[in-house]
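Counting in this note's numbering, the sequence shown tops out at residue 733, every number present.
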Amino acid sequence: MREAMKIGASAPAAQRLAENIERIEALSHRLMAAFTSRGLPNPGVEGPGPELFMTATNAWMKTITEQPGRMIEQQVNFWGQTLKNYANAQSAMAKGRFNLPEDDEESRGRKDKRFANELWQTHPYFKLVKNQYHTNVRALKDAAEALDLSDEVARRRIDWLTNQIIDMISPTNFLATNPDALEKAVATEGESLVKGLENLVQDVEASGGEMVVSLADRDAFTVGENIGNSEGMVVHRTPLFELIQYKPTTDEVYEMPLLILPPWINKFYILDLKPQNSLIRHMVGQGYTVFIVSWKNPDSSYSEVGIEEYIAAYLDAMDVVRERTGQKKLNAVGYCIAGTTLSLALALMQKRGDDRVNSATLFTTLTDFSDQGEFVTFLQDDFVSGIAEEVSRHGLMRAQLMSRTMSFLRANDLVWGPAIRSYMMGETPPAFDLLFWNGDSTNLPGRMAMQYLKGLCQENAFAGNGFELLGESLRLSDVKLPLCAVSCETDHIAPWKDCWRGVAAMGSEDKTFILSESGHIAGIVNPPSKKKYGHYMGCRDFAHGAEKWRDDSTFYEGSWWPHWDEWLSNRSGKKVPARELSEGLEPAPGTYVHERAI
136 MREAMKIGAS APAAQRLAEN IERIEALSHR LMAAFTSRGL PNPGVEGPGP
186 ELFMTATNAW MKTITEQPGR MIEQQVNFWG QTLKNYANAQ SAMAKGRFNL
236 PEDDEESRGR KDKRFANELW QTHPYFKLVK NQYHTNVRAL KDAAEALDLS
286 DEVARRRIDW LTNQIIDMIS PTNFLATNPD ALEKAVATEG ESLVKGLENL
336 VQDVEASGGE MVVSLADRDA FTVGENIGNS EGMVVHRTPL FELIQYKPTT
386 DEVYEMPLLI LPPWINKFYI LDLKPQNSLI RHMVGQGYTV FIVSWKNPDS
436 SYSEVGIEEY IAAYLDAMDV VRERTGQKKL NAVGYCIAGT TLSLALALMQ
486 KRGDDRVNSA TLFTTLTDFS DQGEFVTFLQ DDFVSGIAEE VSRHGLMRAQ
536 LMSRTMSFLR ANDLVWGPAI RSYMMGETPP AFDLLFWNGD STNLPGRMAM
586 QYLKGLCQEN AFAGNGFELL GESLRLSDVK LPLCAVSCET DHIAPWKDCW
636 RGVAAMGSED KTFILSESGH IAGIVNPPSK KKYGHYMGCR DFAHGAEKWR
686 DDSTFYEGSW WPHWDEWLSN RSGKKVPARE LSEGLEPAPG TYVHERAI
């Protein structure tokens with residue numbers, strides 16, 4: 136074949152084809168080598184356990200036994216619609232045109248961005264493929280809804296699995312049925328497919344044999360240079376964390392310092408991305424002495440680190456902050472899982488008569504897990520047992536597993552869509568700071584992960600009979616200091632109503648709840664300059680449910696940051712001369728933030 140191409144080597148197209156074939160051969164060898172580097176798979180975290188499939192099978196057998204007419208009707212409707220799709224396509228092809236009415240989904244205004252290419256509407260082949268996909272979707276959903284399941288958990292898990300299958304079988308996920316990818320392949324003489332294979336190989340190599348699609352260009356950002364570059368100093372370091380103090384930018388500051396505790400599931404610079412999006416810069420600019428914790432990205436030697444050690448780290452950081460500022464009290468912020476753990480710490484401190492925290496702010500924090508929301512699939516015994524096996528094998532809940540779990544909560548946006556653009560279209564992942572941060576995941580210590588999953592999520596002990604920790608039984612009602620909680624309206628990780636329910640059960644008499652528009656990250660990283668997302672606040676009634684609270688609250692345009700600043704400033708004491716930043720271990724952002732999970 137190569138000899139034949141050499142005859143026409145003077146033709147640029149033939150030369151490019153020969154070069155691409157050689158590249159494909161080399162990339163294929165690299166890809167196979169990368170896949171072989173993958174460790175032994177753990178079936179327990181690859182999908183639902185056999186119990187769920189047995190539940191579905193039993194429900195299907197019960198339905199077909201008790202309601203055979205219903206099952207037959209569904210099957211007849213499916214085959215009838217399939218034949219109709221085929222007949223319409225044949226008729227249109229025979230007439231040389233394909234101007235059929237819009238699909239039901241389109242006529243009802245449910246435009247699907249996956250099918251934006253006009254060929255899905257005008258070309259007989261692609262129109263047939265799309266119509267049949269929608270027919271298959273309806274059949275799958277009808278079949279799932281028809282199952283007589285034992286409980287609500289089984290129903291939600293079946294619905295989740297059904298939606299995963301629906302997303303996976305979309306025709307846009309396959310080259311032969313994706314007009315965008317085919318058009319680009321033709322236009323680039325196959326170059327887009329070669330680049331796509333290069334992207335795939337790089338992702339598999341970078342992920343130790345796993346196929347984890349990159350969401351952002353890894354080379355576009357460097358932490359400490361073009362993101363995470365607010366001026367500060369690492370002033371304290373332990374094996375578990377570094378403490379960063381930021382340089383003041385105002386002549387005066389509030390006397391009471393602010394300690395931010397970010398989640399250790401990801402890295403702290405989510406609050407310090409580009410300067411215009413940085414909450415840290417904003418708070419420094421408002422006159423606060425800001426400290427933040429940068430967590431160690433643990434390896435297997437941290438397998439026995441538990442929630443106790445993280446709470447001890449909180450107290451250690453608080454001591455350093457108070458010593459450096461000469462203050463007896465401080466204000467604390469906990470984000471996501473760090474907010475959950477801060478709540479535990481506050482309950483423990485209340486039990487011990489420790490009043491060093493003057494007020495607390497919780498960002499997107501779950502403390503009541505009575506409704507497990509979209510995580511219900513991952514919080515059942517089969518999956519948790521799979522994670523326990525992972526922990527036993529590696530000493531960690533590894534970053535890849537956590538990242539994959541989060542991604543499949545929004546599979547079209549975070550898995551299939553990026554994979555299509557990268558592997559089929561051959562596009563370089565975007566230079567997007569938020570997605571870069573999202574891909575910079577961390578491992579979780581094994582013991583801490585199991586405490587969280589079993590004690591907090593499955594048993595819901597903190598909101599129930601008490602979470603046993605450091606010799607105390609801790610409950611939500613033990614949190615009694617002034618409290619501000621911020622949640623996000625479309626947050627699928629920490630649903631706002633569940634966050635609200637936890638806050639409502641806390642014992643604080645001084646409670647403020649703010650509901651931001653948008654999701655888990657965009658709703659928090661929402662600077663006033665953008666005027667993008669609004670927020671609800673004002674209602675002080677925590678006795679009549681989340682919906683009633685929102686109905687009685689006031690909606691404000693723009694960011695919640697100024698309202699939080701107003702709340703916090705009233706609990707931060709008087710203004711004093713700005714504290715000069717002098718001694719430290721090294722400039723921010725420190726060392727730990729650069730450690731990548733392996």
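Heads up, the beta-carbon is just placed ideally off N, CA and C, and yes, glycines get one too. Small disclaimer: the values here were computed from a predicted structure and weren't measured.
query	result
Beta carbon of His655 nearer than 8 Å to that of Ile628	yes
Proximity of Ile301 and Leu275 at Cβ, strictly below 8 Å	yes
Runs of beta strand (DSSP E) lying entirely within the stretch 377-436, each at least 3 residues, in chain order	387-389, 393-396, 425-430
CB of Met368 within 8 Å of CB of Gly673, strictly	no
C-alpha gap between His679 and Pro410, whole angstroms	40 Å
Beta-carbon proximity list for Lys197, same chain, < 6 Å, skipping 5 on both sides	Asp283
Cutoff 7 Å; reference Ser576; Cβ partners in own chain excluding five residues on either side	Asn401, Ala534, Met537, Ser538, Ala732
Cβ contact check for the stretch 321-331 and the stretch 152-159: 3 or more pairs under 8 Å	yes
Alpha-carbon to alpha-carbon, Glu360 and Glu366	11 Å
Buried versus exposed, by CB contacts within 10 Å (16 or more), Lys265	buried
Cα-Cα separation, Lys710 to Pro397	26 Å
Residue from Asp315, Ile405, Ala320, Ser435 with nearest C-alpha to Pro580	Ser435
Rounded distance between the beta-carbons of Asp517 and Gly179, thought under 8 Å	7 Å
Span separating the alpha-carbon of Ala584 from that of Leu531	8 Å
Residue range of the unbroken alpha helix (DSSP H) whose run includes Met206	203-230
Sub-8 Å separation of Glu377 and Ser429 beta-carbons	yes
DSSP beta-bridge partners of Ala620	Leu497, Phe648
Under the three-state DSSP convention, the category Gly599 falls into	coil
Proximity of Asp506 and Leu611 at Cβ, strictly below 8 Å	no
Any 3 or more C-beta pairs closer than 8 Å across the stretch 521-530 and the stretch 597-616	no
Spatial distance of Phe690 from Trp635 (CA atoms)	17 Å
Unbroken stretches of the beta strand (DSSP E), 3 residues or longer, contained in the stretch 265-316	none
Integer Cβ distance of Val425 from Tyr381, believed to fall under 8 Å	5 Å
Euclidean distance between Cα positions of Arg243 and Arg151	Low confidence applies to Arg243: its pLDDT is 44, below 50, so where it sits in the model is not reliable enough to give any reading.
Leu766 vs Glu443 beta-carbon contact at 8 Å	Because the chain here runs from 136 to 733, residue 766 falls outside it and cannot be looked at.
Outcome for Ser204 when other beta-carbon atoms lying within 10 angstroms are tallied against a minimum of 16	Contrary to the premise, residue 204 reads as Gly rather than Ser in this sequence. Flag for Gly204 reads exposed.
Per-residue burial, Phe188 [other beta carbons within 10 Å of its own, 16 or more giving buried]	exposed
Rounded C-alpha distance that separates Val511 from Asp548	20 Å
Distance between Lys219 and Ala278 (C-alpha atoms, nearest Å)	20 Å
Beta carbon of Ala495 nearer than 8 Å to that of Ala467	yes
Continuous alpha helix (DSSP H) stretch holding Asn118: start and end	Here the chain comprises residues numbered 136 to 733, so residue 118 is not present and cannot be evaluated.
Alpha-carbon to alpha-carbon, Gly422 and Met453	19 Å
Nearest-angstrom beta carbon gap, Ile362 and Leu106 [assumed within contact, 8 Å]	The structure shown does not extend to residue 106, since the chain is modelled only from 136 to 733, so the question has no answer here.
Burial state of Ser172 (16 or more Cβ within 10 Å)	exposed
Rounded C-alpha distance that separates Lys230 from His269	24 Å
Buried/exposed call for Asp338, threshold 16 Cβ in 10 Å	buried
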